[in-house]
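Quick notes on the structure that follows.
Protein chains in written order, with my numbering: chain A, 767 to 1010; chain B, 10 to 259.
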């Protein structure tokens, strides 16, 4: 679907955020981009979304580059419009793409039902819990049926119970829809739980350290094989921090 | 505490009346509340009519300030060229005293009502423009990214994101402008009435001053203060109602 070829990005203040980043994303995959804070994960996501441009290298789409609305983005904060209800928040990308109001609203309700919020369509963001707001944000990204869904540490600010619930739901959603997802996280456990493929990044400058398959991504959280992989990744991240 | 707050005004008025009576201060120096009420009762129709004229000028000026302030702020948000062109002139208008501009505007515009509205608008426009400009720049960058990702046009970003996001700041600007519009209307009337023009409350105030009708002056002042207070309360109510409806406050 998409190939990054020796992509680099240096900010005007001289900080080299990314150097020679190369990897490819296949359709229908769920990839976790794992690394410590400041390793350029979010920058990479912005480059793929077209919100920023690389200084070197290129991003090659197998087919035509995506049009507006074909890339879904879930930010770390839900960033909903406080004056609009859940349905209108979810309908927003569709309305921006010129979908008539009634159709946009119907599709928004569908997307909200998909994330388990069928009963909260008319609720304003302030009437929803943190987890529910994040579900609305996820529904907003899913409503236009994107070809690629980019998620930038979406569950990082949530409590553990809510986070686990949302991780389970996201996994189920992906297994049903097979939407291509690139999921940025700094949680080893989250990456190994969610994704069959984990791309490991290291910082200063941001670069790919490893690209590996998770041996048991959908096993129970205390599964021995998965726990071994989690421990291994943890050791490698710690070593990277020491080397730096 | 609430009782104290409710009683403070009547208590002060009683003390004022008592002090004036006991010290035998003549009413042309300091009239007591009773003399002020009597002066109002003697010409209540004329004074209320004059208040109506001042309030009409004030409200029209406020409306003009909203249209021009929000319009220019949107233009400035949409284009850097517009920002470079508009912003310095807005600041120049803000820092130039209205008393200095008013005679010129009155000469240029000719029509007294339009001239008064223009003077009051010059004073009231800046807080709305400034607050709305800040509000239009306030939406979180993620939401702006979301609009960009979905191919939003400039007008969609202005009307669907920036203007609603600017509402809380616009409303606080409006509250300041409400008071300033009244001040602007009174100042403009002062300038205009020296040329024998308007018949608003400021004109009545000056007229009473020339005749040394100090209780009537106080009656005019009281009406102006009450009008200012009512404007502030009304705009405050509008602010909280709209913010509640728009989900900005719970």
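From the three backbone atoms N, C-alpha and C, an ideal C-beta is built for every residue, glycine too.
Burial state of residue 162 of chain B, where buried means 16 or more other Cβ atoms lie within 10 Å: The residue in question, residue 162 of chain B, is exposed, as its Cβ has fewer than 16 Cβ neighbours within 10 Å.
Inter-stretch contact (C-beta, 8 Å, three-pair minimum) for the region 70-83 of chain B and the region 184-191 of chain B: Judged by Cβ distances under 8 Å, the region 70-83 of chain B makes contact with the region 184-191 of chain B, as three or more pairs qualify.
Backbone CA spacing between residue 56 of chain B and residue 190 of chain B [nearest angstrom]: Separation of residue 56 of chain B and residue 190 of chain B (C-alpha to C-alpha, rounded to the nearest whole angstrom) is 20 Å.
Neighbour flag for residue 198 of chain B against chain A, beta carbons, 9 Å: Judged by the 9 Å Cβ criterion, residue 198 of chain B is not in contact with chain A.
Residue 893 of chain A to residue 900 of chain A span [Cα, whole Å]: Approximately 13 Å, taken between the alpha carbons.
Members of the region 134-158 of chain B that neighbour chain A once the beta carbon cut-off is set at 8 Å: Here the close residues are 149, 151, 152, 154, 155, 156, 157 and 158.
Spatial distance of residue 782 of chain A from residue 774 of chain A (CA atoms): Distance between the alpha carbons of residue 782 of chain A and residue 774 of chain A: 8 Å.
Three-state secondary structure assigned by DSSP to residue 888 of chain A: Looking at residue 888 of chain A - three-state DSSP - the assignment turns out to be coil, as it is neither helix nor strand.
Residue interval of the beta strand (DSSP E) (run including residue 947 of chain A): Where residue 947 of chain A is concerned, the enclosing beta strand (DSSP E) starts and stops at 946-951.
Closer than 9 Å to chain B by CB, residue 861 of chain A: At least one chain B Cβ lies under 9 Å of residue 861 of chain A.
6 Å Cβ shell around residue 824 of chain A - same chain, five flanking residues per side excluded: 771.
Beta-carbon proximity list for residue 229 of chain B, same chain, < 7 Å, skipping 5 on both sides: Answer for residue 229 of chain B: 56, 210, 213, 214 and 217, listed in chain order.
Pairwise C-alpha distance: residue 243 of chain B and residue 120 of chain B: Going from the Cα of residue 120 of chain B to the Cα of residue 243 of chain B covers about 30 Å.
8 Å contact criterion, which residue 158 of chain B and residue 837 of chain A should meet: CB distance rounded: Rounded, the Cβ-Cβ distance is 6 Å, consistent with contact.
9 Å Cβ cutoff, residue 896 of chain A in contact with chain B: Judged by the 9 Å Cβ criterion, residue 896 of chain A is not in contact with chain B.
Near-chain B residues of the region 808-831 of chain A (beta-carbon distance less than 9 Å), N- to C-terminal order: Answer in chain order: 812, 815, 816 and 817.
Distance between beta carbons of residue 85 of chain B and residue 142 of chain B, contact taken as under 8 Å: Cβ-Cβ separation between residue 142 of chain B and residue 85 of chain B: approximately 6 Å, consistent with a contact (criterion under 8 Å).
Interface partners of residue 161 of chain B on chain A, CB under 7 Å: Residues of chain A passing the Cβ test: 862.
Residue 835 of chain A at chain C interface by Cβ criterion, 9 Å: In the structure shown, chain C does not exist; the protein chains are A and B.
Nearest-angstrom Cβ-Cβ length linking residue 42 of chain B and residue 25 of chain B, presumed shorter than 8 Å: Residue 42 of chain B to residue 25 of chain B, Cβ: 6 Å. Contact.
Where residue 11 of chain B falls, given that 16 or more other Cβ within 10 Å makes a residue buried: The residue is exposed, with fewer than 16 neighbouring Cβ atoms inside 10 Å.
Inter-residue spacing [alpha-carbon to alpha-carbon] between residue 797 of chain A and residue 100 of chain B: For residue 797 of chain A and residue 100 of chain B, the distance between alpha carbons rounds to 53 Å.
Residues that residue 165 of chain B contacts on chain A, provided the C-beta gap is smaller than 8 Å: Result: 862.
Assigned secondary structure, residue 38 of chain B (DSSP; H/G/I helix, E/B strand, else coil): Under the three-state reduction of DSSP, residue 38 of chain B is assigned to coil, being neither helix nor strand.
Reduced DSSP category for residue 787 of chain A - H, G, I as helix; E, B as strand; rest coil: In the structure shown, residue 787 of chain A sits in a strand (DSSP, three-state: E or B).
Candidates A:940, A:968, A:858 and A:889: closest to residue 166 of chain B by CA position: With distances taken between CA atoms, residue 166 of chain B lies nearest to A:858 out of A:940, A:968, A:858 and A:889.
Sequence-distant residues of its chain with Cβ nearer than 7 Å to residue 875 of chain A (five each side left out): For residue 875 of chain A, same chain residues with a beta-carbon under 7 Å away, outside a window of 5 residues either side, are 853 and 887 in chain order.
Inter-residue Cα distance where the pair is residue 19 of chain B and residue 231 of chain B: If I take the Cα positions, the gap works out to 15 Å.
Beta-carbon gap between residue 932 of chain A and residue 904 of chain A smaller than 9 Å: Yes, they are a contact pair.
Residue of B:151, B:145 and B:178 minimising C-alpha distance to residue 164 of chain B: The shortest Cα separation from residue 164 of chain B among B:151, B:145 and B:178 belongs to B:145.
Within chain B, partners of residue 839 of chain A - CB distance below 8 Å: By Cβ distance, chain B contributes 154, 155 and 158.
Minimum Cβ-Cβ distance from residue 845 of chain A to chain B less than 9 Å: Cβ-Cβ to chain B under 9 Å: yes for residue 845 of chain A.
Short CB-CB distance (under 9 Å) between residue 183 of chain B and chain A: No, residue 183 of chain B does not count as interfacial toward chain A.
Cα-Cα separation between residue 45 of chain B and residue 891 of chain A, rounded to whole angstroms: Distance between the alpha carbons of residue 45 of chain B and residue 891 of chain A is about 53 Å.
Span separating the alpha-carbon of residue 34 of chain B from that of residue 28 of chain B: Their backbone Cα atoms lie some 9 Å apart in a straight line.
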